[in-house]
Structures are given as C-alpha cells and as structure tokens.
Amino acid sequence: MHARRASIHGWLLLLPAAVLLAAFTHYPAVSTLWHSFWSTPRRNRPSRFIGWDHYRTMIDDPIFWTALSNNALYALGTIVPSIAIALAMALWVNERIAGRGALRLAYFTPTVLPMIAVANIWLFFYTPDYGLLDQLRSLVGLPRVNWLGSRDTALGALMVVTVWKEAGFFMIFYLAALQTIPPDLKEAAALEGASRWQIFWRVTFPLLMPTTLFVLVNAMINAFRLVDHVFVMTRGGPDNASMLLLYYIYEVGFKFWDSGYAAAMTMVLLAILATAALVQFFYLDRRIHYR
Amino acid sequence: MSAIGERIDDAGAAARAPGARRARPPLGERIDRALHTIGAWTLGIVWLLPLAYAIWTAFHPTEFSARFDPTAPWTLENFRAAWDAAPFAQYFVNTFALVTTILVGQLVLCTLAAYAFARFEFRGREIAFVLVLLQLMVMPDVLIVENYRTMHRLGLVDTIAGMALPYMASAFGIFLLRQAFKTVPTELEDAARIEGCGTLGVLWRVYVPLARPVYLAYALVSVSHHWNNFLWPLIISNTVGTRPLTVGLSVFAGTDQGIDWAIINAATLIASGPLLIAFLIFQRQFVQSFLRAGIR
Numbered sequence: 006m007h008a009r010r011a012s013i014h015g016w017l018l019l020l021p022a023a024v025l026l027a028a029f030t031h032y033p034a035v036s037t038l039w040h041s042f043w044s045t046p047r048r049n050r051p052s053r054f055i056g057w058d059h060y061r062t063m064i065d066d067p068i069f070w071t072a073l074s075n076n077a078l079y080a081l082g083t084i085v086p087s088i089a090i091a092l093a094m095a096l097w098v099n100e101r102i103a104g105r106g107a108l109r110l111a112y113f114t115p116t117v118l119p120m121i122a123v124a125n126i127w128l129f130f131y132t133p134d135y136g137l138l139d140q141l142r143s144l145v146g147l148p149r150v151n152w153l154g155s156r157d158t159a160l161g162a163l164m165v166v167t168v169w170k171e172a173g174f175f176m177i178f179y180l181a182a183l184q185t186i187p188p189d190l191k192e193a194a195a196l197e198g199a200s201r202w203q204i205f206w207r208v209t210f211p212l213l214m215p216t217t218l219f220v221l222v223n224a225m226i227n228a229f230r231l232v233d234h235v236f237v238m239t240r241g242g243p244d245n246a247s248m249l250l251l252y253y254i255y256e257v258g259f260k261f262w263d264s265g266y267a268a269a270m271t272m273v274l275l276a277i278l279a280t281a282a283l284v285q286f287f288y289l290d291r292r293i294h295y296r
Numbered sequence: 187m188s189a190i191g192e193r194i195d196d197a198g199a200a201a202r203a204p205g206a207r208r209a210r211p212p213l214g215e216r217i218d219r220a221l222h223t224i225g226a227w228t229l230g231i232v233w234l235l236p237l238a239y240a241i242w243t244a245f246h247p248t249e250f251s252a253r254f255d256p257t258a259p260w261t262l263e264n265f266r267a268a269w270d271a272a273p274f275a276q277y278f279v280n281t282f283a284l285v286t287t288i289l290v291g292q293l294v295l296c297t298l299a300a301y302a303f304a305r306f307e308f309r310g311r312e313i314a315f316v317l318v319l320l321q322l323m324v325m326p327d328v329l330i331v332e333n334y335r336t337m338h339r340l341g342l343v344d345t346i347a348g349m350a351l352p353y354m355a356s357a358f359g360i361f362l363l364r365q366a367f368k369t370v371p372t373e374l375e376d377a378a379r380i381e382g383c384g385t386l387g388v389l390w391r392v393y394v395p396l397a398r399p400v401y402l403a404y405a406l407v408s409v410s411h412h413w414n415n416f417l418w419p420l421i422i423s424n425t426v427g428t429r430p431l432t433v434g435l436s437v438f439a440g441t442d443q444g445i446d447w448a449i450i451n452a453a454t455l456i457a458s459g460p461l462l463i464a465f466l467i468f469q470r471q472f473v474q475s476f477l478r479a480g481i482r
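In the order they appear, the protein sequences are chains A and B. Numbered by the working numbering, the letters in the first sequence go through residues 6 to 296 in order. Numbered by the working numbering, the letters in the second sequence go through residues 187 to 482 in order.
Following this line, the structure appears as structure tokens:
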C-alpha cells in the first residue's frame with residue numbers, strides 16, 4: 006500500500022470515533038474550563054466574563070470544603086479496607102479451603118449488582134429497629150442507632166457499602182497475581198525456616214506490589230467518580246455529613262442550575278482524577294506485559 | 187459452582203498435592219488451618235448477609251420482613267405488586283435498548299479506530315492516540331454539566347441516543363482492541379490483500395475473527411457497566427419512555443412507594459436479577475472478562 010493511501014485510510018477509520026471523542030470528551034473538558042470563568046446565564050442577565058469569581062466563591066464555600074474533606078476521608082476509608090479485605094479474600098480462596106468455590110462466589114457477587122440496588126439493600130439493612138443490623142445489636146442488648154441519619158455515622162455507613170461492593174472485584178486481580186507466583190519461591194523460604202507470616206510479608210506481598218498499585222489507583226478513581234449510593238441513602242445529609250464532591254456538583258448543576266459554579270468545581274474533580282490517572286499511565290505498560 | 191480462577195488453580199493444586207498426602211500435619215498447623223477456614227467463612231457469611239436478607243424479605247409476606255421464622259410461607263406476591271406499581275417492563279425495554287445501542291456503537295467505532303492505530307502509519311498517529319487515552323482520565327461520568335448542555339443544544343435530552351452517545355467512542359475499547367490487533371501476524375493481512383480484500387475486508391475477515399475472545403470480554407464488561415450505570419441516565423432521562431432500570435428503581439424506591447420493604451426489595455431484585463442470573467450461569471466468563479478488562 007502506498008504511504009499516502011495508508012494515511013488516508015488510517016484517518017478515515019479513526020474519524021467516527023474521533024468525532025464522538027472530540028464532542029463528548031475533549032470539547033466538554035475545554036468548555037468546562039471556559040465556563041468556569043463565566044457567570045451562569047439567568048433569565049434577565051446573559052452570561053458575562055467574571056474571571057476567578059467562581060473559584061473565589063468556592064474557597065469561601067463551606068459546603069465545598071466539607072465535600073472535599075469528606076471525599077478525602079471517604080477515599081481513605083474505602084481504599085485501605087478494600088485492599089486489605091480483597092487481599093485476605095484472595096489468599097483464602099487461593100488455598101485449599103473447605104467450600105472454596107462457594108466462598109469465591111459469595112465474595113464476588115456484590116460486584117455485578119448495580120450500585121443503586123446495593124444502596125437499596127443496605128438502606129434496609131441499616132433501617133433503625135427494623136433492619137438486620139439493629140436486630141442483631143438488640144440481641145446483645147445494644148441500643149438502636151440511626152446509622153444514616155446521624156452525623157457521626159452517615160459517611161462511615163456509605164464507606165461500608167462501597168467496601169462491600171468493591172472488595173470482591175479487587176480480589177480477582179489479587180487472585181490472578183497470586184497464581185502467577187511460582188510455588189518454589191515459598192517452598193525455598195519455608196526450607197530456610199521462614200514462618201507463614203514472614204513468607205507473606207517478605208515474598209508474597211512484594212510480588213503483589215504491581216497489583217496493589219493498580220487496585221489503589223482504581224479504588225481512588227472510584228472514590229471520586231461513583232456517588233450513586235449517595236442519591237439513595239443520604240442525599241449528602243444529614244447536614245452535609247456525607248456530601249461527596251461529585252454529588253455536590255450534581256446538586257449545584259442540576260438542582261440550583263448554577264452551571265458556572267459547577268464547572269469550576271468540576272475542574273477540581275478533573276485535577277484529582279488526572280493525578281490518579283497519571284500514576285496509572287506510568288504503570289499501564291508494565292501491567293500489560295505482566296500478564 | 188467453583189469457576190473463579192479454576193484454570194490456573196489446577197496447576198497449583200498439582201504442585202501442592204505431594205505435601206497433602208503426607209501423614210497428618212502437626213497440631214499447630216491443623217489449628218492454623220481451622221482458624222483460617224473459620225475466618226474465611228465468617229467473612230463469606232458477612233458478605234452474603236445483606237443480599238440474603240433482601241432475598242428473604244422479597245420472597246416472604248410483609249409481616250415476616252424482619253422476623254426470621256423458618257416456617258414462614260414463601261410468596262411471589264411482592265414481585266407482582268412491584269411489577270404492577272411501576273412500569274418495570276418499559277424500564278427493561280429502555281435498559282435493553284440503551285445497553286445494545288452503546289455496545290453496537292462501541293464495537294463498530296472501537297474496531298475501526300483500533301485497526302487504524304494498530305496497523306496504519308499516518309501523520310499525527312501518536313498524538314491522536316494520546317488524545318484518545320485522555321478519556322481514561324477525563325471520563326464522561328464527570329463531565330455531566332457540559333455534556334448536558336451539548337445534549338440540550340442537540341435536542342437529545344430524554345432520548346436513548348443522548349444517554350448512549352458519550353460512551354460510544356470508548357478509549358478503553360480502542361486500547362484493548364489495538365492490543366489484540368497488534369498480535370495478529372502481518373502475513374495474514376498480506377495474504378488477504380493478495381486475495382483481493384480491501385481495507386475493510388481485511389479487518390472483517392482477518393482481524394475481527396481472531397480477536398473474538400477480546401470482543402467477548404469487552405462486551406460483558408460493557409454490558410454490565412452500562413446496565414448498572416446511574417448518574418448520567420438520571421440526568422438525561424426524565425420520562426418513563428427513556429428511563430433505564432437503575433433510574434426507574436431509584437424513582438420507585440424514593441417516591442412511588444411508602445416504606446414497604448418487601449416490595450422495594452422485590453423491585454431491587456427485579457432490576458438486578460438478569461445480570462445476577464447471567465453471572466451465576468457464566469461465572470467463569472464474567473470473571474475472566476473483568477480480569478482482562480481491568481480498567482473499565
């Protein structure tokens with residue numbers, strides 16, 4: 006094929022995808038930045054250039070800071086337990102344990118449920134008095150707790166739901182990685198007199214590092230991107246105690262219809278996601294070869 | 187029932203087998219093993235409890251919603267009530283249309299683009315590829331405000347097309363298929379060209395059939411992702427005629443219903459049922475696909 010024809014064919018093949026990507030990824034990303042410097046058009050007042058005003062509003066907006074710090078806490082409180090539990094699950098079902106198949110199924114099933122369904126199920130689970138959690142507590146004489154209605158527990162209750170939904174998903178990556186570790190490494194360590202605990206920390210865990218990093222980045226992205234359960238369980242309340250950044254952007258953009266301010270906050274969210282994705286890009290190639 | 191990761195397991199089990207046939211292990215090791223089994227099962231039961239509770243409630247009369255009586259009668263009444271109370275049949279049609287539209291669009295667009303990146307030399311290819319990968323970072327899930335503005339201008343608010351368009355050119359699909367196409371030997375392409383195949387003919391006859399496992403994996407991940415997707419469909423749909431199941435379920439549980447948990451749980455199971463059943467039947471394919479397609 007001539008180089009010229011190859012070039013034309015290449016671009017023609019790329020064209021349909023390029024048009025949609027430009028329209029729904031590149032253009033909106035740029036126009037988010039653009040609109041973050043313009044006031045939101047209202048009935049009598051067309052949009053006008055206001056520079057950094059939205060960003061100044063943001064710095065003075067206590068709800069924004071609550072959402073941001075909640076989200077950071079939420080990220081930390083979902084990523085660390087998800088990784089620890091996923092690793093424990095993978096180690097267990099990688100051993101010859103009684104009922105291994107059923108266990109894997111139990112661990113993985115939440116992954117295929119819609120987050121909305123998961124939120125409904127847990128909403129019932131958390132219901133004061135009536136829900137299973139309070140019923141179990143009442144068996145040992147503990148008082149009722151309004152898990153989702155109290156400032157102290159609402160965010161934590163959301164974290165538990167996320168961990169429940171995500172740990173099984175991350176488990177399969179650990180499981181796949183564990184099965185690529187040659188058994189002779191462990192046997193050699195055992196011959197040297199290493200305990201199981203030492204074998205885990207000195208041999209297995211370091212070898213799982215690429216997987217841990219991959220899971221970490223994914224959990225991080227999800228912590229900022231997935232807010233479906235907030236809609237069903239708390240709507241950010243009580244008193245913004247479970248407000249997350251994307252949910253706040255939704256409220257500002259689609260309930261108060263302040264699209265300019267929502268654009269400014271979207272820029273913050275994009276910056277956070279870009280940081281996470283850059284880490285991922287660094288390791289993407291290695292992960293592909295790794296398989 | 188044990189399909190997850192079984193393939194690679196067999197090798198591991200074989201390697202461990204000689205040790206297993208030895209005499210009874212010492213007491214310490216047996217206690218250790220028992221503790222691990224107990225730990226694993228405790229976690230397993232905790233993991234199953236919420237779903238089991240929902241299933242119990244959905245299949246029993248309301249008065250047993252929070253009372254565990256093994257003699258309680260089983261019933262499908264809650265499912266009938268939920269089905270009658272909200273247009274779930276329409277929601278199913280909508281979700282089905284949405285998921286199919288997205289998948290067909292993704293398969294066509296990503297195949298073409300992946301072929302261009304894998305096998306064509308053209309100016310600006312590297313930059314174009316970086317611009318594609320940018321979508322992994324700047325996801326449509328987050329650009330809700332601006333994409334709504336665009337859909338509004340295009341008159342696509344409250345349409346399936348409006349819900350599907352932002353997801354069709356999937357950077358991840360392009361990336362995955364490009365990797366698969368690159369492993370195809372160029373001799374096959376040359377042979378097909380000599381046989382008289384044009385560019386699209388080669389793609390269709392040589393590349394697509396060879397990448398079939400990748401297509402299957404990608405399709406499973408895409409369908410489960412978009413079956414479960416919520417935020418963008420919530421924003422763009424506002425009538426029964428377009429609402430997918432997830433949005434329909436949230437509307438139903440939020441307003442249409444008081445707090446009859448039996449019926450809400452039945453509706454929840456209706457919405458997640460098809461995917462859950464498909465998963466139980468095709469466990470191995472699901473897990474392999476999710477594994478292959480790590481980043482969605």
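By construction, the Cβ of each residue, glycine as well, lies at the ideal position given by its N, Cα and C atoms. The model shown is predicted, which means the values in this text are computed figures rather than measured ones.
Any chain B beta carbon closer than 8 angstroms to Val267(A): Note that residue 267(A) is Ala in the sequence shown, not Val. Yes, because at least one Cβ of chain B sits closer than 8 angstroms to the Cβ of Ala267(A).
Min CB distance Cys157(B) to chain A below 8 angstroms: Examination of residue 157(B) is not possible in this model, given that chain B is present from 187 through 482 alone.
Interfacial residues, the stretch 104-125 of chain A to chain B, with Cβ spacing under 9 angstroms: Gly104, Arg105, Gly106, Ala107, Leu108, Arg109, Leu110, Ala111, Tyr112, Phe113, Thr114, Pro115, Thr116, Val117, Leu118, Pro119, Met120, Ile121, Ala122, Val123, Ala124, Asn125
Closest Cα partner of Trp390(B) within the set Glu375(B), His412(B), Arg219(B): Glu375(B)
Any alpha helix (DSSP H) of 4 or more consecutive residues that is wholly inside the stretch 240-297 of chain B: Listed in chain order, the complete alpha helix (DSSP H) runs (minimum 4 residues) inside the stretch 240-297 of chain B are 263-271.
Cβ separation of Leu342(B) and Pro33(A), assumed to be a contact under 8 angstroms, to the nearest whole Å: Contact doesn't hold; Cβ gap of about 14 angstroms is too wide.
Closer than 8 angstroms at the beta carbon, the chain D residues around Phe306(B): Reference to chain D is not applicable here, since the protein chains of this structure are A and B.
Contact belief for Pro88(A) with Val220(A) at Cβ below 8 angstroms, rounded distance in angstroms: The residue asked about is misnamed: residue 88(A) is Ile in this sequence, not Pro. Ile88(A) to Val220(A), Cβ: 6 angstroms. Contact.
Among Arg335(B), Ala304(B), Val279(B), Ala350(B), the one whose alpha carbon lies nearest that of Gln365(B): When Arg335(B), Ala304(B), Val279(B), Ala350(B) are compared, the shortest CA-CA separation from Gln365(B) is found for Ala304(B).
Distance, Ile177(A) Cα to Val473(B) Cα: 7 angstroms
Cutoff 8 angstroms: His31(A) Cβ touching any chain B Cβ: yes
Range covered by the alpha helix (DSSP H) that runs through Asp58(A): 58-65
Under 7 angstroms from the C-beta of Ser410(B): neighbouring residues of chain A: What Ser410(B) touches in chain A: Val117.
Option in His14(A), Arg9(A), Phe69(A) with minimal Cα separation from Gly384(B): His14(A)
Nearest residue (CA-CA) to Met325(B), options Phe42(A), Arg50(A), Leu274(A), Leu190(A): Its Cα nearest to that of Met325(B), the residue Leu274(A) stands out among Phe42(A), Arg50(A), Leu274(A), Leu190(A).
Test: Ile55(A) CB closer than 8 angstroms to a CB of chain B: no
Interfacial residues, the stretch 332-351 of chain B to chain A, with Cβ spacing under 8 angstroms: Glu332, Asn333, Tyr334, Arg335, Thr336, Leu351
Chain-ordered neighbours of Val290(B) on chain A, where CB pairs are closer than 9 angstroms: Within 9 angstroms Cβ-Cβ: nothing; Val290(B) doesn't reach chain A, min ~13 angstroms.
For Asp442(B), three-class secondary structure by DSSP: Confidence in Asp442(B) is poor, its pLDDT being 48 and thus under 50, which makes the residue's placement unreliable; the coordinate value appears in the next sentence. Note: Asp442(B) maps to helix in three-state DSSP.
Cutoff 8 angstroms: Trp390(B) Cβ touching any chain A Cβ: It does not: the Cβ of Trp390(B) has no partner Cβ on chain A nearer than 8 angstroms.
Beta-ladder partner(s) of Phe54(A), from DSSP: In DSSP, Phe54(A) forms a bridge with Trp43(A).
First through last residue of the alpha helix (DSSP H) which encompasses Arg9(A): Annotation for Arg9(A): the continuous alpha helix (DSSP H) segment containing it runs 8-26.
Alpha carbon of Gly265(A) to alpha carbon of Thr167(A), nearest angstrom: 30 angstroms
Cβ pair Ala457(B), Leu417(B) closer than 8 angstroms: no
Neighbourhood of Val185(B) by C-beta, 7 angstroms cutoff - its chain only, sequence neighbours within 5 removed: The shown model of chain B, from 187 to 482, leaves out residue 185(B), and the question about it has no answer.
Alpha-carbon spacing of Met316(A) relative to Glu192(A), whole angstroms: For chain A, the structure presents residues 6 to 296; residue 316(A) sits outside this window and is missing.
Near-chain B residues of the stretch 77-98 of chain A (beta-carbon distance less than 8 angstroms), N- to C-terminal order: Of all residues in the stretch 77-98 of chain A, Ile90, Ala93, Met94, Trp97, Val98 have a Cβ within less than 8 angstroms of some Cβ in chain B.
Through-space distance from Gly161(A) to Met248(A), alpha-carbon basis: 12 angstroms
Where Val400(B) falls, given that 16 or more other Cβ within 10 Å makes a residue buried: buried
Three or more C-beta pairs below 8 angstroms linking the stretch 345-359 of chain B and the stretch 23-30 of chain A: yes
Interface partners of Ile102(A) on chain B, CB under 9 angstroms: Arg219, His222, Thr223, Ala226, Trp227
Reduced DSSP category for Asn151(A) - H, G, I as helix; E, B as strand; rest coil: coil
Buried/exposed call for Trp97(A), threshold 16 Cβ in 10 Å: buried
Leu319(B) to Thr336(B) span [Cα, whole Å]: Between Leu319(B) and Thr336(B), the C-alpha separation is close to 22 angstroms.
Cβ contact check for the stretch 119-137 of chain A and the stretch 240-252 of chain B: 3 or more pairs under 8 angstroms: yes
Pairwise C-alpha distance: Gly387(B) and Val285(B): 27 angstroms
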